[in-house]
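Heads up: the structure comes next, in structure tokens.
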Amino acid sequence: MRKFGVPLLQVGLTVLVTWFIFDRVGLDLARLGELEGGTWRPRPVLFLSSCLVLMTGYVWSASVWGRLVRDMGGPPLTLWTSVRVFMVANLGRYVPGKVWQIAGLAYLAKREGVQAG
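Plus 209 on top of the position in the sequence shown (first one is 1) and you've got the working numbering.
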């Protein structure tokens, strides 16, 4: 169950959060199809470079969090583990209520061997 249940739960949560964001912003997939493609000029180099800058910032934030955990007496976390825990916990910021991101970070960190307090 755990082998398939957790990934299915993660996909389900991702779909739910995405739907919630679309609902709150007021996006409608039918209206997106009505947009004129002629007025939009994509710039792939700028888009990809901005994605790279964004991901670099996320990885840097996650590595700082991992170092904070280690420096405060927690177990050393690999960069990949820090990024995974940090990014999954960040999904909590899109769920109503202010506590979910921090609670998710604490829960996921505990699963990696980080002790509370």
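Note that CB positions come from ideal geometry on N, CA and C, so glycine has one too.
Rounded Cβ spacing between residue i and residue j (contact assumed at less than 8 Å)
i      : j      : result
LEU317 : LEU222 : Not quite, the Cβ-Cβ distance comes to about 13 Å (not below 8 Å), so this is no contact.
ALA298 : GLN310 : 6 Å
PRO284 : GLY322 : 5 Å
ALA315 : PHE295 : So it is not a contact: roughly 12 Å between Cβ atoms.
VAL304 : VAL226 : 7 Å
Buried versus exposed, by CB contacts within 10 Å (16 or more), residue i
i      : result
LEU217 : exposed
LEU257 : exposed
LEU236 : exposed
LEU286 : buried
Neighbourhood of residue i by C-beta, 6 Å cutoff - its chain only, sequence neighbours within 5 removed
i      : result
ARG302 : GLN310
Beta-carbon contacts of residue i that lie in its chain and below 7 Å, excluding the five residues immediately before and after
i      : result
THR265 : none
Touching by the beta-carbon criterion (3+ pairs, under 8 Å), the segment 288-304 and the segment 263-277: Contact check between the segment 288-304 and the segment 263-277: three or more CB pairs, one atom from each, fall below 8 Å, which counts as touching.
Beta strand (DSSP E) runs wholly inside the segment 274-325, at least 3 long, in chain order: Taking only runs of at least 3 residues, no beta strand (DSSP E) segment lies wholly in the segment 274-325.
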